[in-house]
Amino acid sequence: MNIREYSTDIPVELVVDASVLINLVASGVGDIIADSLPFPLLTPSVVVGELERGLARGRADYVVVMELADKGLIRIADLADSEEAEFLDLISGATAETLDDGEAAVIAYSVPHSGIAVLDDSKAERIAASRHRHLKIANSVDLFKDSGVQDALGPDGVSAALLKALQLARMRVPPVHVNWVVETIGKDNASRCTSFPRSIRRS
Amino acid sequence: MLSDIDPRDLGDRLRICRERAGLTQAAAADSIGVARTTLVAIEQGVRRVRLAEIQGLSRCYGVRMNELLRKESVFVDVVPRFRKLNATSGGGIDQAVRLLAGLIRAELELEDLLGVRRSVATAPERPILPGDISQQAEHNAIELREYLGLGMGPITDIFGVLELGLNVRLYVRPLDSGVSGLFAYDKLAGPCVLINSRHPLQRRVQTAAHECGHLISTRDEPEVLYDSANLESRVERYAEEFGRVFLTPARAVMQKFKEVTAGSDRLLRRHVIILSHYFRISREAMVRRMEELQLARPGTWNWFMDNGGITNDQVRQVLGVTDDEGVQNNAALGSRLQLLAFESLRRGVLTESQLASLLDLDLIELRSIIDGIDSVDHEDLDNEYPRILH
Chain U
1 MNIREYSTDI PVELVVDASV LINLVASGVG DIIADSLPFP LLTPSVVVGE
51 LERGLARGRA DYVVVMELAD KGLIRIADLA DSEEAEFLDL ISGATAETLD
101 DGEAAVIAYS VPHSGIAVLD DSKAERIAAS RHRHLKIANS VDLFKDSGVQ
151 DALGPDGVSA ALLKALQLAR MRVPPVHVNW VVETIGKDNA SRCTSFPRSI
201 RRS
Chain L
204 MLSDIDPRDL GDRLRICRER AGLTQAAAAD SIGVARTTLV AIEQGVRRVR
254 LAEIQGLSRC YGVRMNELLR KESVFVDVVP RFRKLNATSG GGIDQAVRLL
304 AGLIRAELEL EDLLGVRRSV ATAPERPILP GDISQQAEHN AIELREYLGL
354 GMGPITDIFG VLELGLNVRL YVRPLDSGVS GLFAYDKLAG PCVLINSRHP
404 LQRRVQTAAH ECGHLISTRD EPEVLYDSAN LESRVERYAE EFGRVFLTPA
454 RAVMQKFKEV TAGSDRLLRR HVIILSHYFR ISREAMVRRM EELQLARPGT
504 WNWFMDNGGI TNDQVRQVLG VTDDEGVQNN AALGSRLQLL AFESLRRGVL
554 TESQLASLLD LDLIELRSII DGIDSVDHED LDNEYPRILH
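Top to bottom, those sequences are chains U and L.
Quick note, the first sequence lines up with residues 1 to 203 if you use our numbering.
Quick note, the second sequence lines up with residues 204 to 593 if you use our numbering.
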């Protein structure tokens, strides 16, 4: 998905969940990426809470995200009362039709705000799309592919950032993006990334 | 909607989560700014809980709201049973108990989601009777070997025996170094054992055998095996003796001892190395067993210790590998739980975040486990692989 295609008259935000933030942090250039994207980043406070719990496990993603927030590169928002009904619906009920808190909050926030929900999980995307036909959905790789990010980092910078996200955060690459990622980081590097299917790592 | 959820069911879940977190009703009530009586009413399902209160309580208890509210979440809990043991004080033990409870819950929920039915039938129980503990332990350990079809041979994979022969839910995870293992039995989950992956293989083997003893004799009582545990009680002496006989039955040790030491009138290091490797136990345990069976004089192990010990280098020279090398049950989750986790993702039943939260892992830890499974069997599973005939 080319996220720039979604320019509208009303302000749009990229609403990101924990997976996206972890990938951005791992890339080492989360600040440059955030600054280069066509729309500002936003994350629900529930997601930040998840990252904060990661501190006890020695994960520093929370610290980096808060630094980004201090620099104004990402906004942290609570769900409004009007968004809570959708949030509740997404986290309760039959497990196969529910999502984790962070994913649910991203969708619940995006819908009324015309945000772009940036999710890295196919089940989350499926549920979001089935409940909200007009919801715009993107994933982490879409952010790396953005033309503004490409210009800011340059080809080597994009390659290095992608590789770090793949190696350190084990970033998930949707099938539609596999060829582009392999071309960008090179086949040798791709063969060493366990995020890819064996057919890619073998060839 | 919150109104669709049975308040008594939700109240019960909240209570279990609170107990799991080790919090009083007063402390929990305080965290969300309500009176203790209000929290009591919420837990009893008499007063409907508000979303903001669920958010506050889930934060306080360290659980995701999705975990509290999704239908198939499992709330079997072994933690309160461990609390009744005097042993459960000390952070390392509490943490191990919570970990075991979490792993059991995760496995039960994954089985439920994937429609897996699992037998909890296990070996017959043999309660401890009045009289000589050693004789009972020996008799029951040999009986268990016969039940499992092990004969008198060495047990090359006691973890496999626990899982496949005794239907034990076995988890091997890093614990506080003072904790060797835990045992609990639940009607729904069956027998469950958690062993410390930080311990060397032979110690894990001994812990597994010890927990077998508890499974056979006192299965309704949960148990924690830790460094300063009281091993003098009848129950613990039984389990220790049982474990020893189960791993090294007297007749088998005597037979093998005779073969290995043939032609020698001295007990050499290589004899100890070969025998301990054969029975998959530590060198010390092997020598002490020989002392117990009067195959070596009392104090033989002390002699070896006073004379340079029996080193890993010497083991390598005799065997080619040390006993800790080779196949070990070191999987971060345990093979069964790992496979259930992989299937739940593959079938799109859970998101990675839901699964990470269920297994108490962070997202990257989970991904590295899944990638490990994926690297062995990954491709178009639905089309490439042979179908299982049911």
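Ideal Cβ positions, reconstructed from N, Cα and C, are used throughout, including at glycine.
Annotated three-state conformation of residue 251 of chain L is coil, per DSSP. Judged by DSSP in its simplified three-state form, residue 554 of chain L adopts coil rather than helix or strand. When DSSP states are grouped into helix, strand and coil, residue 546 of chain L belongs to the helix group.
Counting of Cβ neighbours within 10 angstroms places residue 506 of chain L among the exposed residues, the total staying below 16. For residue 86 of chain U, the secondary structure class from DSSP, reduced to helix, strand or coil, is helix.
Put simply, the region 158–176 of chain U does not touch the region 207–221 of chain L. Fewer than three CB pairs are less than 8 angstroms apart.
Each of L:448, L:479, L:346 and L:449 was checked against the Cα of residue 463 of chain L, and the nearest Cα belongs to L:479. A check of alpha carbon separations from residue 244 of chain L across L:307, L:331 and L:228 identifies L:228 as the nearest.
By a beta-carbon distance limit of 8 angstroms, residue 22 of chain U contacts residue 567 of chain L. Their separation comes to about 7 angstroms. For residue 433 of chain L, the CB contacts under 8 angstroms within the same chain, skipping 5 residues up- and downstream, are 439 in chain order. By the C-beta density criterion, residue 146 of chain U is buried, having at least 16 other C-beta atoms within 10 angstroms. For the C-beta of residue 84 of chain U, the chain L residues within less than 8 angstroms are, from N- to C-terminus, 254. Taking the Cα positions, residue 187 of chain U is about 38 angstroms away from residue 310 of chain L.
In the structure shown, residue 319 of chain L falls within a coil segment according to DSSP collapsed to helix, strand and coil. Proximity of chain L to residue 59 of chain U at the Cβ level (cut-off 8 angstroms) is accounted for by 565 and 567, in chain order.
For residue 119 of chain U, the CB contacts under 7 angstroms within the same chain, skipping 5 residues up- and downstream, are 17, 103, 106, 125, 128, 137 and 139 in chain order. Per the DSSP secondary-structure output, residue 136 of chain U pairs in a beta bridge with U:116. When DSSP states are grouped into helix, strand and coil, residue 389 of chain L belongs to the strand group.
Rounded to whole angstroms, the separation of the alpha carbons of residue 369 of chain L and residue 390 of chain L is 15 angstroms. Under the 8 angstroms Cβ criterion, the region 311–318 of chain L counts as touching the region 535–553 of chain L, having at least three qualifying pairs. Ranking L:553, L:516 and L:284 by CA distance to the CA of residue 317 of chain L puts L:553 first. In the same chain as residue 346 of chain L, and ignoring 5 residues on each side of it, the C-beta atoms closer than 8 angstroms to its own belong to 329, in chain order. For residue 555 of chain L, the nearest CB of chain U lies under 7 angstroms from its own CB, placing it at the interface with that chain. Residue 303 of chain L is a Cβ neighbour of residue 397 of chain L, given a cutoff of 7 angstroms. Not flagged as an interface residue toward chain L: residue 192 of chain U, since no C-beta distance is shorter than 7 angstroms. In its chain, beyond the 5 residues on either side, 219, 222, 223, 304 and 308 have a beta carbon closer than 8 angstroms to the beta carbon of residue 280 of chain L. Counting along the chain, residue 44 of chain U sits inside the beta strand (DSSP E) bounded by residues 41–44.
Taking the Cβ atoms as the reference, residue 416 of chain L lies roughly 17 angstroms from residue 399 of chain L, outside the contact range of under 8 angstroms.
Residue contact check for residue 259 of chain L against chain U: no CB pair falls below 7 angstroms. Of all C-beta pairs linking the region 35–44 of chain U to the region 2–13 of chain U, three or more are shorter than 8 angstroms, placing the two stretches in contact.
Under the Cβ distance rule, residue 376 of chain L does not count among the residues neighbouring chain U, no pair being separated by less than 7 angstroms. Among the CB atoms of chain U, none fall inside 7 angstroms of the CB of residue 319 of chain L.
Look at residue 147 of chain U: its C-beta is not under 7 angstroms from any C-beta on chain L.
Counting only residues of its own chain and dropping the five nearest sequence neighbours on each side, residue 546 of chain L has a CB closer than 7 angstroms to the CB of 317.
As the crow flies, the alpha-carbon of residue 306 of chain L is around 28 angstroms from that of residue 344 of chain L. Cβ-Cβ separation between residue 27 of chain U and residue 161 of chain U: approximately 4 angstroms, consistent with a contact (criterion under 8 angstroms).
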